[in-house]
């Protein structure tokens, strides 16, 4: 589980979308196409990863006809994607965040399994990849509770503080993983494991559990997470997880469920070479 970095907000009204909207509506409509595209991209945030045409008009203050025309162009260029609920950020935005081309394939293959898993368990599902010392989210699934978690498509989180990140770090060669843990790591909650020696021991335990990693309120107080990697030839290109309230969470049961789905996702992605240590 992770806390994502959100897009830059309007500094005049950083926590009030309605006031920001009124400010934009009363301001002069930007002429530059880049400014208009930026307004549309900035309209998305962690609480509203999907927006309707009307929602985008309200948040940007741009004319409806202008927004509709720009949306068509942004979809063609993959800045945005059209979904049943409206519009969301597209793959180009993710790729510019440091993702590689094959992440689109990972998401297409794993997302149906992730959404089914989330629906079956009633928990929030995440799919992420490892990018340096961070995890980057490719997908998020869940009901009402999902909106309360500050994670979003393309959002980042320090890998050491998340089950997803620890699951993928444990798949790396030990010397490579340890090198990534040598520099100072941020403490997000009182439970975040920041000491290199403690994290090394944690990764060793994860390897003994077939890659299953657990985040016990290490990223957000009150929230726990269980994750497993999607592996092909040794390394983990991605991992999936289930997140929920820490109180009363059945870690052993969720570990079995997540590992089973991770195996299935691995077979889907790597039908001829998926295997487990």
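Residue numbers (the working numbering): 114 to 390. Where a beta carbon is used, it is the ideal one built from N, C-alpha and C, also for glycine.
Would you give the residue range spanned by the beta strand (DSSP E) that residue 249 belongs to? What you label residue 249 is simply residue 136 of the chain shown in a count that begins at 1. Run containing residue 249: 247-254, per the beta strand (DSSP E) assignment.
For residue 269, count neighbouring C-beta atoms within 10 Å of its own C-beta (all shown protein chains included) and say buried if the count is 16 or more, exposed if not. As a working mapping, residue 269 is identified with position 156 in the chain shown. Residue 269 should be labelled buried.
Quick one, which of 324, 278, 287 and 178 has its alpha-carbon nearest residue 305's? The residue given as residue 305 occupies position 192 in the chain shown. Taking residue 305 as reference, the option from 324, 278, 287 and 178 with the minimal CA-CA separation is 278.
Report buried or exposed for residue 253, applying the criterion of at least 16 other Cβ atoms within 10 angstroms of its Cβ. Looking up residue 253 in the chain shown gives position 140. Buried is the call here.
Counting only runs of 3+ residues fully inside the stretch 259-284, write out the beta strand (DSSP E) ranges in chain order. Taking only runs of at least 3 residues, the beta strand (DSSP E) segments lying wholly in the stretch 259-284 are 269-271.
Please state if the CB of residue 294 and the CB of residue 266 are separated by a distance shorter than 7 Å. Residue 266 sits at position 153 when you count from the first residue of the chain shown. Residue 294 sits at position 181 when you count from the first residue of the chain shown. With respect to residue 294, residue 266 sits apart: the two C-beta atoms are not nearer than 7 Å.
Within 8 Å, do at least three Cβ pairs link the stretch 322-333 to the stretch 223-243? Taking a cut-off of 8 Å on C-beta distances, the stretch 223-243 does not touch the stretch 322-333, as fewer than three cross pairs fall below it.
When you compare each of 287, 344 and 236 to residue 363 by their alpha carbons, which one comes out closest? Here residue 363 refers to the residue found at position 250 when the chain shown is read from its first residue. Of the candidates 287, 344 and 236, the one whose C-alpha sits nearest the C-alpha of residue 363 is 236.
Assuming residue 352 contacts residue 280 (C-beta within less than 8 Å), just tell me the rounded distance between them. Position 239 of the chain shown holds residue 352. Position 167 of the chain shown holds residue 280. Cβ atoms of residue 352 and residue 280 come within 8 Å of each other, at about 4 Å.
According to DSSP, is residue 237 helix, strand or coil? Indexing the chain shown from 1 puts residue 237 at position 124. In the three-state reduction of the DSSP assignment, residue 237 falls in the strand class.
So, at 8 Å on beta carbons, what are the nonlocal neighbours of residue 219 in its own chain, with the 5 sequence-adjacent residues on each side left out? As a position in the chain shown, residue 219 is number 106, starting the count at 1. Sequence-distant partners of residue 219 (beyond 5 residues in either direction) whose C-beta falls short of 8 Å from its own C-beta, in its chain, are 240, 242, 251, 343, 350, 351 and 382.
At the level of alpha carbons, what is the spacing between residue 261 and residue 335? For the purposes of this step, residue 261 is identified with residue 148 of the chain shown, where counting begins at 1. For the purposes of this step, residue 335 is identified with residue 222 of the chain shown, where counting begins at 1. About 12 Å.
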